[in-house]
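A.B. asks: Before we start, here is the structure in question, set down as structure tokens.
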Amino acid sequence: MDYIASGKGDTTENCDPNLISNGNTKTALDKQIADNDKDPAEAPAESAACSSESIDDSVCEIPEQVEFTVVFNKVKHEITFAYDATVLDLKAHLERICGVPQSAQKLIIKGMARDNMTLRKAGVVKGGKVMLVGSKMDDILAVKSAPKDVEEKSSSQSSKEPLCMQKNHRKVLDKGIPPDVMPGIKGVKEPLPPIPLSGMLNKHGGKVRLTFKPEQDQLWVGTKERTEKLAMTSIKSITSEPIKDHEEYHIMGLQLGATEASRYWLYWVPAQYVEAIKDAVLGVWQFF
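First residue of the sequence shown? That's 1 in UniProt numbering, and the numbers climb one at a time after it.
Next up, the structure:
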């Protein structure tokens, strides 16, 4: 007799209750394994977009930069610096590059630049030129350690008798105020004018003209016969005293060597420019 198989097929009644409907035959165990295989780092697209925006917001902006040239002792230095940094910040940077202490630096951009000004406000432009005037620390220390006996001797003489009363100076001063000397103003400090200082006299009574060349770090001393181009670093110190009865003018001595004889004397220097002359030649560091 033929037997008819009575085994149940894959009907709905025979399916495991854990089987998924609509033809999906994965068991609950298979589903759990599949879920565990998912990358936990995967995040919804909306979440990723939000995190991307927060990253962009946290990026720091790079300060605007300006490229220019600094000239010191005829050597050019190409500089790239923050446009809104201060002149004092630039001096600190140049101290590392050129070896000139910040306090001994004079930066000439469009005239003398003040420390608290930004480079933008001071007039620095792309491709422009900035002149650095000053002495390196080694030169400053050399001046400081120069023989002091000459300085002490001259200072003691000065304390005993004013320069304008000494015989060698009187023979020039007794000729009177030169007719074409620039007007002097007592008790006032002014910056150097844009033109040379003229009308002064030297120890021979000859006319003298001072021309300042910061771009070359030189002081030109001109007479009728010739023009001496002095490196500002060669002038070790500057002595000055007001002239009695004419305090709007000074006697000034430029120390070019180690002895009293190496001083270059100027007479009838307008008093209002004395400090500006010292600053232009010596900078802030003055050891006298």
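For every residue, glycine included, the Cβ atom is placed at its ideal position computed from N, Cα and C.
Note that the structure is predicted; figures quoted are calculated from it, not measured.
Using DSSP bridges, identify the partner residues of Met200.
C.D. replies: DSSP output for Met200 lists Val208 as bridge partner(s).
A.B. asks: Excluding sequence positions up to five away, which residues of its chain have a Cβ less than 6 Å from the Cβ of Ile108?
C.D. replies: Contacts found: Met131, Pro214.
A.B. asks: Taking a contact to mean a Cβ-Cβ separation below 8 Å, would you say Val70 touches Leu88 in this structure?
C.D. replies: Going by C-beta atoms, Val70 is not nearer than 8 Å to Leu88.
A.B. asks: Which whole-angstrom value describes the C-beta separation of Gly283 and Gly134, a residue pair presumed to lie in contact below a C-beta threshold of 8 Å?
C.D. replies: Between Gly134 and Gly283 the Cβ distance is about 5 Å, and since that is below 8 Å, they are a contact.
A.B. asks: For His169, count the other beta carbons within 10 Å of its own beta carbon; 16 or more makes it buried, fewer makes it exposed. Which is it?
C.D. replies: Result: buried.
A.B. asks: Among Met112, Thr80, Met200, which has the Cα closest to the Cα of Asp180?
C.D. replies: Minimum Cα distance to Asp180 is reached at Met200.
A.B. asks: Sorted by chain position, which residues of the same chain lie with C-beta nearer than 8 Å to Arg110's C-beta, five sequence neighbours on each side aside?
C.D. replies: What sits at residue 110 in the sequence shown is Lys, not Arg. Answer for Lys110: Ala122, Gly123, listed in chain order.
A.B. asks: Whole angstroms are fine: how far does the CA of Ile62 sit from the CA of Glu46?
C.D. replies: Confidence at Glu46 is low in this model, with a pLDDT of 46, below 50, so the placement of that residue is unreliable and no value is reported for it.
A.B. asks: Can you tell me where the beta strand (DSSP E) with Leu119 in it begins and where it stops?
C.D. replies: Per DSSP, Leu119 belongs to no beta strand (DSSP E); it is in the alpha helix (DSSP H), 119-122.
A.B. asks: Determine, using beta carbons only, whether Ala276 and Pro191 come nearer to each other than 8 Å.
C.D. replies: Yes.
A.B. asks: Over what stretch of residues does the beta strand (DSSP E) that includes Ala82 continue unbroken?
C.D. replies: Here the beta strand (DSSP E) through Ala82 covers 75-82.
A.B. asks: Put Arg263 into one of helix, strand or coil per three-state DSSP.
C.D. replies: Three-state result, Arg263: strand.
A.B. asks: Classify Asp84 as buried or exposed, calling it buried when 16 or more other Cβ atoms lie within 10 Å of its own Cβ.
C.D. replies: Exposed is the call here.
A.B. asks: Identify which residue in Gln272, Tyr267, Leu230 has its Cα closest to the Cα of Asp174.
C.D. replies: Among Gln272, Tyr267, Leu230, the Cα nearest to that of Asp174 is on Tyr267.
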